DNA sequence: ATCCTTATTGAATGATCGTATAGTAGATAT
DNA sequence: ATATCTACTATACGATCATTCAATAAGGAT
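Chains as they are written, first to last, in UniProt numbering: chain A, 1 to 208; chain B, 1 to 208.
Next comes the structure, spelled out in structure tokens:
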């Protein structure tokens, strides 16, 4: 007996769903971040990402042109999320203290995020797209910190080199982040937070 | 006219050279570090490494069993070099000040080394061999710093939490390292050095 | 209901990945 | 010289890599 072709599918069940370019791009970025958190840059492969996003292999090229540009978009997304989290924290605690607190909010200061940042930083030297993305965002962050520091100094009628302090603070918080991410038992969130406040209070006096 | 077989080779020109297992292993580690510095973990491939070491593809398996174990050996080598550099600096400037100086010696604090560390750190979460290597070395470094801090405090008859200071200092210096490595124009070696001295002198008084 | 746009699929491609392994040959001891 | 040891080469292997592209179909517009 011949095998009969089964009914293709019911008309109400499309084989895949179409999204706007914008939406699908965001889904791919999200999937990319998950892969980076899971296995670093080594796990950032077209196959992994598309499987995670529930899409087929061709979509990264279609929406981003290349994997490298998707990586740059992932960097931008990470920064934008962090930046939004900072804004939320500033809402609650205005000024420099809020920005410091924001660095240690659970959605920012956690091992997963660190693993993503580590993977991204590690590729900056290699990827031109990533490098230019980094430069712009770092400047943005630096400016934001620097202004908060100036404001805090003005409010206390003291004079500090805000730009230098901002660079050093970013280095300090990234370093704390790094240690905590590699081995959380070595450095608690609270100890890291306290170290950052101490850093500023040395030259600005009590912030809280 | 038939092509003649050329003389195979003169007896004095061996096709390859044999090294002791130890020597060849060191050559492979060196090649691995060069690859990591050049292109991060992505460039740490068997082909790249063996080409760099002037050896054939099979040698990594032969001497290390797997690529992963070679990576762990690279971590160990990086730490050992840094540690040796620290010892040399302590010879010149004994105590805590020497250890701080050592962090900013040209052979330690440079963009190439940072790229290697970044690549290694990024794999710690993934590679068990690397993780255990890291744990041991980090403890070693921590102990060394911690003791230098205690000694400095004792000499000044002050009391500090040496362990905590050591953890924070490592975080700070790693962060400074990171910023400098990603973009040297943002943070000079001198500014980084000064920040580290300031960090300790806050609780210990002048170190120099 | 039928176009039309374009998001999407999925197979094909050629390169490169890490590892296993069989055979080769340098260095050393005898 | 000869034998022995093992560092070493080089091929083969299957898996996976990023990218290309022609065909397909979803879903809004008309």
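From the three backbone atoms N, C-alpha and C, an ideal C-beta is built for every residue, glycine too. Since the model is a prediction, treat every value here as computed from it, not as a measurement.
Below 8 Å, enough C-beta pairs join the segment 161-181 of chain A and the segment 172-185 of chain B to call them touching: three or more. Rounded to the nearest angstrom, the Cβ distance from residue 116 of chain B to residue 165 of chain B is 27 Å, too far for a contact under 8 Å.
For the C-beta of residue 41 of chain B, the chain A residues within less than 8 Å are, from N- to C-terminus, 40, 41, 42, 122. Annotation: residue 67 of chain B has no Cβ neighbours in chain A at a cutoff of 9 Å; minimum Cβ distance is about 12 Å.
The CB of residue 140 of chain A never comes closer than 7 Å to any CB in chain B; the least such distance is about 13 Å. In summary, the residues of the UniProt domain "HTH tetR-type" (22-82) of chain B whose CB is separated from some CB of chain A by less than 7 Å are 39, 40, 41, 42, in the order they occur in the chain. Our two residues, residue 151 of chain B and residue 169 of chain B, have alpha carbons roughly 16 Å apart in a direct line. Here residue 146 of chain B carries a helix assignment [DSSP, helix/strand/coil]. A check of alpha carbon separations from residue 114 of chain A across A/30, A/197, A/183 identifies A/183 as the nearest. Judged by beta-carbon spacing, residue 74 of chain A lies within the 8 Å limit of residue 29 of chain A, meaning their Cβ atoms are closer than that value. Excluding five sequence positions before and after residue 127 of chain A, the CB atoms of its chain that fall closer than 8 Å to its own CB belong to 68, 71, 72, given in chain order.
DSSP, reduced to helix, strand and coil, places residue 186 of chain A outside both helices and strands of the structure shown, so it counts as coil. The Cβ of residue 116 of chain A sits no closer than 8 Å to any Cβ of chain B.
Restricting attention to A/204, A/196, A/46, the CA atom closest to the CA of residue 100 of chain A is found in A/196. Every alpha helix (DSSP H) of 4 residues or more that sits fully in the segment 67-109 of chain A is shown, in chain order, as 67-92, 96-103.
When 8 Å is used as the limit between beta carbons, residue 100 of chain A is near no residue of chain B, the shortest such separation being about 15 Å. Short of 8 Å from the beta carbon of residue 90 of chain A, and not among the five residues preceding or following it, lie these beta carbons of its own chain, in chain order: 98, 99, 102. When Cβ-Cβ separations below 8 Å define contact, residue 108 of chain B makes no contact with chain A.
Interface criterion not met: the Cβ of residue 158 of chain B is under 8 Å from no Cβ in chain A.
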